[in-house]
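For the sequence shown, the residue numbers in the numbering used here are 838 to 1025. Heads up, the beta-carbon is just placed ideally off N, CA and C, and yes, glycines get one too. Predicted model only: the values in this text are computed from it and were never measured. Below is one structure, written out as structure tokens; comments come after it.
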Amino acid sequence: GEATEEGGEATEEGGEATEEEGGEGGEDTGIVFSGVFGGTIADGNTYTYPTGAEDWAGFANEDATLFPFSFPNGGTVTFTGSSDAPVTLQFKFEKAAFPDVDPSFFCDAVTVDGAEAEYTVNIPAQDAANTYASFLLYLQTKDTAVTLTNVVVTANDAASEEGGEATEEGGEATEEGGEATEEEGGEG
């Protein structure tokens, strides 16, 4: 009985911690790439790839509670981005942190430019057996800061749902065809 009560208290504490974190980060509840490597600079949600940094320099998400990801049906990365000048960036998913990175893949590059706007990057479908516990950000543009907030990774549900919709549409088409046949029969 006592053990259960203690567990309850722990849960409450966890809830409080979550609220505090949300308060500190403002409205941003998204993924933050706080792990800098190769000479990059992270200031909260603002990221810079300075001249002189390594070619492989980037930013790593350090929140292990997000993992693992898997994308048997693909997915999306959505975020709010802003920058004073165009900055091209790419997200990368890896099996685990370096050196155990494979299988890994890059998403398509996206260019952030100007005031805050919503961006969506498609995640191509990956082998269902692959899981990813390392989520990285790479900037291709040097010396220009980019701010990313509300970063969310979403794995798509099974494609069968889309197939279901298509089938329904096909059903409607069949009904229309049926009506046409009746009309023809009437005319003849």
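Between residue i and residue j, which are expected to be in contact by the criterion C-beta below 8 Å, what is the C-beta distance as a whole number of angstroms?
i           : j           : result
residue 956 : residue 984 : About 12 Å; that fails the 8 Å criterion.
residue 905 : residue 968 : 4 Å
residue 920 : residue 949 : 5 Å
residue 927 : residue 942 : Not confirmed; about 10 Å, so no contact.
residue 895 : residue 975 : 4 Å
residue 971 : residue 938 : 7 Å
Determine which residues share a DSSP beta bridge with residue i and list them.
i           : result
residue 919 : 984
residue 929 : 943 and 973
residue 953 : Note: residue 953 sits in no beta bridge, so no partner.
residue 965 : Its beta-bridge partners do not exist; DSSP assigns none.
residue 959 : 913
residue 895 : 874
residue 991 : 913
residue 884 : 879 and 983
residue 938 : Residue 938 pairs with nothing; no bridge assigned.
residue 904 : DSSP, once it has assigned bridges, lists no residue as partnering residue 904.
residue 978 : Note: residue 978 sits in no beta bridge, so no partner.
Name the two residues that bound the continuous beta strand (DSSP E) containing residue i.
i           : result
residue 874 : 872 to 874
residue 941 : 941 to 943
residue 880 : 878 to 880
residue 867 : Where residue 867 is concerned, there is no enclosing beta strand (DSSP E), given that its DSSP letter is neither H nor E.
If we call anything under 8 Å between Cβ atoms a contact, is residue i one with residue j?
i           : j           : result
residue 929 : residue 973 : yes
residue 966 : residue 885 : no
residue 959 : residue 911 : yes
residue 924 : residue 898 : no
residue 891 : residue 875 : yes
residue 888 : residue 979 : yes
Against chain C, does residue i count as a neighbour if the rule is that its beta carbon must be under 8 Å from one of theirs?
i           : result
residue 903 : Included in the structure is just one protein chain, with no chain C present.
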